[in-house]
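Following: one structure in structure tokens, then a few remarks.
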Amino acid sequence: MNRYNFKIIEKKWQNYWDKNNFFKTKIDKNKKKFYCLEMFPYPSGKIHMGHVRNYTIGDVLSRYKSLNDYNVLHPMGWDSFGMPAENAARQNNLDPKDWTNENIKNMKIQLKELGLSIDWDREISTCSPDYYKHQQEFFLDLFDKGLVYRKENYVNWDPVDQTVLANEQVINGKGWRSGATVERKKLNQWFFNITKFSNELLDDLEKLKNWPNKVKIMQKNWIGKSYGCELVFEISGNPKVQKIRCFTTRPDTLFGMSFLAISVDHPVSELYKNDKEFEKFKLACSKTGTTEESIAQAEKLGFKTDLIAANPLNEKIKVPVYFANFVLMDYGFGAIFGCPAHDQRDLDFALKYNLKVNPVVKPKKDDSNFKIKDEAYTGPGIIFNSNFLDNLKAPEESIPKTIEILEKKKIGKKKINFRLKDWGISRQRYWGCPIPIAYNSKNEIVKVPKDKLPIKLPEKINLNVNGNPLDHQKEWKKITIKNEECTLETDTLDTFVDSSWYFLRFCSPTNNKKGFDIDDINYWMPVDQYIGGVEHAILHLLYSRFFTKALAFKNDNFKLSEPFNGLFTQGMVCHETYKLNNNWLSPDEVISDNGKDYFLRKDPKQKIKLGPSESMSKSKKNTIDPAVMIQNYGADAVRFFILSDSPPEKDVQWSDQGMQASHKFIQKFWGLHCEIKNNFFSSSKIEEKIIENKLDVNVFTNQILHKITQNLESFHYNVIVANLHEIYNYFSKIKANKNLDVESFKINYLKILKIISPILPHLASECLEDLGQSSKIDWPIVEEKYLKNDKINIVIQINGKKRGVVECEKDMDEADIINLAKNTADLKKYFSNSEIKKNIYVKDKIINFILK
RNA sequence: GGGGCGAUGGCGGAAUUGGUAGACGCGUCGGUCUUAGGAACCGAUAGAGCAAUCUGUGAAGGUUCGAGUCCUUUUCGCCCUACCA
């Protein structure tokens, strides 16, 4: 037997697949389609283990669907705009385009080395003008539909990356990429009107049956629909302010109001802009609320105005108006009424500023001891102290009733409020898709005509400037539109726009007239299975859903409402972390004899501090380079390992031993294959003898095929790895059995090779070829008749406890089983002194005797 | 604070509709072959006990002939989200 040389064999099959266009997408209208898509990578230069896991999962599924005779669309592309390219280019004095394309070249080689069944003819790259030209067209379409607008707004400004961030990109007050503390700045910005679709984005989540519940809940919370009402408060104390509008979900607690609080950014703050004390207060507010701890513990701060608000339900009740640090301008109307008894924040505030606490909801009607101390009561109960609202059940009766009264009196109305905000898409960056808008001499917005698209980025420009490099491109900015000299917009689009429609482009990747062809879309969309990291649960997935809806809006040709029919979110790849003197060490700088104590490889006397296992990241140096693993163990072994140890949706722990075991499995399987070939497939060896009671391999093969098929359908890929081990164990045990039915064995072994092919495509191809099989194969059909043995094991329980197992014929009668059980040697003793009170018999499975 | 998910041997994890708990792998132990092995192969491996047997799926109750699985309470862990009115 020759050792399995994965280096030669894997290369051989990758070349074969390449040369024969093996994975080229085919459309045969007689077959069903399957669109399998994994989230495309940012071309950082090298693939990482997260990619390996993501793309292996997708590849197993694609290959399985192909074997089941689907037309499979399994494309790959590059999310190639973004800041790393710009930063790298600036540091090394390169062009971002060259840096990016070089990275794409390298990563493509690495992906091919994994043996992925990708149709590379459909490769796309978002930084290519062939791609972003269509994106600019879509921008103009959306502009025409009124879904794009420009407004001056406070933005999250990242001082390190010198760019604007979307709310979603600010994590704990820090930029998601740079980690710098985000500042607030007022700028003119472009927005997508995503909130126009708030209801649809929320309601259509219901349609997504094949999405993880977790993701749907996260999106639901992000959209944040709440039912309540808006209220108008009459203001006195300053003639410049007549009214203040508030949003509330608890109008029924209005009689408990003891103050009004408004945001420091509320229009009313204009009156105080020359007030030094107020400016000081505002500054103090901006300082809190950036880090997670300060948000959690932030003290409630207020600034008392000379304004007085009247309770709309009783004009005689007057309350003070405060600016408060916990009121946000961009939710509701930037103003609230404070009801300390029934809202914890309001209570904290009231206690600090000695404001009244008027309880208006008590848990039980006759609860005379009910008092509020330092904990607000937010539970259900009965309204009291509230005049005509008294005795209503809160909240189910009291809220609608109050709204009814407020509407009648025309001082409030029912209102649904969303947490979701419009999507700010402007970025002050070079390496992104230019916005196809210009400004004329009057600074009016002028659309760039479609025949002038694409607006290409200028190349080889100086990036070492402050702010947006495009701003410095005087010549590039000049454009003539309808004989008018105009200046181009220099903001570029958020890269999340690029990834909001790439799945559509894959359907028509080379169409240079349109972003996609509607016939292609109608055939391929929606994506049947989308696979990627859960970190995109909100941002990317919500934006893609919006973009699809926006394209379909006022468009009779394009009817798609949801882009991704099925979604699967895989877990992360983790590794232990190592530290020496507070510096991170990479796994290959560390050695261990026993898996407990770790030492520095260069100097084994130095003990290393073992940290927790965390998601692989460059910053913690706990990464394993897939390229090195493929080099050492082969692609099949890496694929096998990355699927083996944990369910795909959970985090997986990298293990060197596990990796080696996977490699050994490939080697062992090849050894087994060679023996099987020798013993059964070389003609000279076959001596067909008639033997009684031949061992039939059909049963095992069909049972394991059945299991693996089910596990493939349900993403239990780690269990499939166990199933492949079972296959090896079974065949290596029976291969020497003299009673084998040779013909049946051969047929079944060929089936086995097909079954392993989605996970181990190179090994399977090599084994099949070795036995003279064509490389065009199908997924074997389960033969139901073999799924159940004629001989069945029935479990015998006595009083619910397992006491034995008897082997018997299928479909035995209850009476026969009872007889059999009673006469089984090991069980006799249980029956001798007791009588059977009752028994429960589940056919072909179990019998439970209740003895007295 | 709000929401979600989870808890099974030394470890990662298996276990249709409630029906043989611990598949499969790692590790460990024993053996074979070896000058040696950290290679390969074979065997054992939930715990306790010589054994029959008993105990076991975070904890406590409940439903049931029967519960890892269903219900109630509770503890712990992880993730998401956050002054959202």
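The numbering of the first sequence is this note's numbering, which starts it at 1 and goes up by one. All C-beta atoms, glycine included, are put in the ideal place defined by N, C-alpha and C.
- Looking at Ser-128, Ser-732, Lys-112 and Ala-661, the one whose alpha-carbon comes closest to that of Ile-676 is Ser-732.
- Note that the C-beta distance between Ile-262 and Gly-332 is not below 8 Å.
- In this structure, DSSP gives His-74 a state outside helix and strand, which the three-state scheme calls coil.
- Lys-216 and Glu-206 have their alpha carbons spaced roughly 8 Å apart.
- Pairing Thr-623 with Asn-462, the inter-Cα distance amounts to about 34 Å.
- By the C-beta criterion, the region 114–125 is judged to be in contact with the region 70–80, since at least 3 inter-stretch pairs fall below 8 Å.
- A contact between stretches requires three or more CB pairs, one per stretch, nearer than 8 Å, and the region 509–517 fails this requirement with the region 535–550.
- By the CB criterion at 8 Å, Ile-794 and Ile-846 fall inside the cutoff.
- Lys-362 is the residue among Glu-375, His-725 and Lys-362 whose C-alpha sits nearest the C-alpha of Pro-395.
- About 7 Å separates the beta carbons of Met-616 and His-48, which is inside the 8 Å limit, making them a contact pair.
- The region 411–420 makes no contact with the region 441–459: fewer than 3 CB pairs, one atom from each, lie closer than 8 Å.
- Between Phe-640 and Ile-455, the beta carbon gap of about 47 Å keeps them out of contact (Cβ cut-off 8 Å).
- By a beta-carbon distance limit of 8 Å, Leu-753 contacts Ala-764. Their separation comes to about 5 Å.
- In this structure, the straight-line span from the alpha carbon of Tyr-502 to that of Asn-106 is close to 21 Å.
- Membership of Tyr-502 in the alpha helix (DSSP H) is indicated by the continuous run 502–505.
- Sixteen is the threshold: since fewer than 16 other Cβ atoms of the shown chains lie within 10 Å of the Cβ of Arg-184, the residue is exposed.
- Between the beta-carbon of Phe-337 and that of Tyr-322 there is about 11 Å, and that puts the pair past the 8 Å contact cut.
- If you look at Pro-626, you'll find it isn't in any beta strand (DSSP E); it sits in the alpha helix (DSSP H) that goes 626–633.
- Following the DSSP letters along the chain, one finds Ile-708 inside the alpha helix (DSSP H) bounded by residues 698–713.
- Burial check for Lys-220: the Cβ neighbour count within 10 Å stays below 16, so the residue is exposed.
- The region 174–183 makes no contact with the region 219–236: fewer than 3 CB pairs, one atom from each, lie closer than 8 Å.
- Tyr-728 sits close to Lys-668, with the two beta carbons spaced by under 8 Å.
- Here Ser-619 is exposed. Its C-beta has fewer than 16 other C-beta atoms within 10 Å.
- Every beta strand (DSSP E) of 3 residues or more that sits fully in the region 781–838 is shown, in chain order, as 791–798 and 801–809.
- In the three-state reduction of the DSSP assignment, Arg-63 falls in the helix class.
- Secondary structure at Gln-529: strand, using DSSP grouped into helix, strand and coil.
- Boundaries for Asn-622: no beta strand (DSSP E) harbours it, and the DSSP string shows neither H nor E there.
- Ala-85 sits in a helix when the DSSP states are folded into three classes.
- Taking Trp-670 as reference, the option from Val-699, Gly-658 and Cys-767 with the minimal CA-CA separation is Cys-767.
- Beta-bridge analysis with DSSP links Ala-335 to Ile-262.
- When secondary structure is reduced to three states using DSSP, Leu-420 falls in the coil class, being assigned neither helix nor strand.
- Annotation for Trp-99: the continuous alpha helix (DSSP H) segment containing it runs 96–113.
- Selection Tyr-64, Asn-71 and Gly-50 evaluated against Tyr-523 yields Asn-71 as nearest (Cα-Cα).
- Excluding its 5 nearest sequence neighbours in each direction, Lys-746 has C-beta neighbours in its own chain below 7 Å: Phe-680 and Phe-681, listed in chain order.
- If you draw a 10 Å sphere on the C-beta of Val-628, you find fewer than 16 other C-beta atoms in it, and that means exposed.
- The C-beta distance from Phe-191 to Lys-145 rounds to 14 Å, too long to meet the 8 Å contact threshold.
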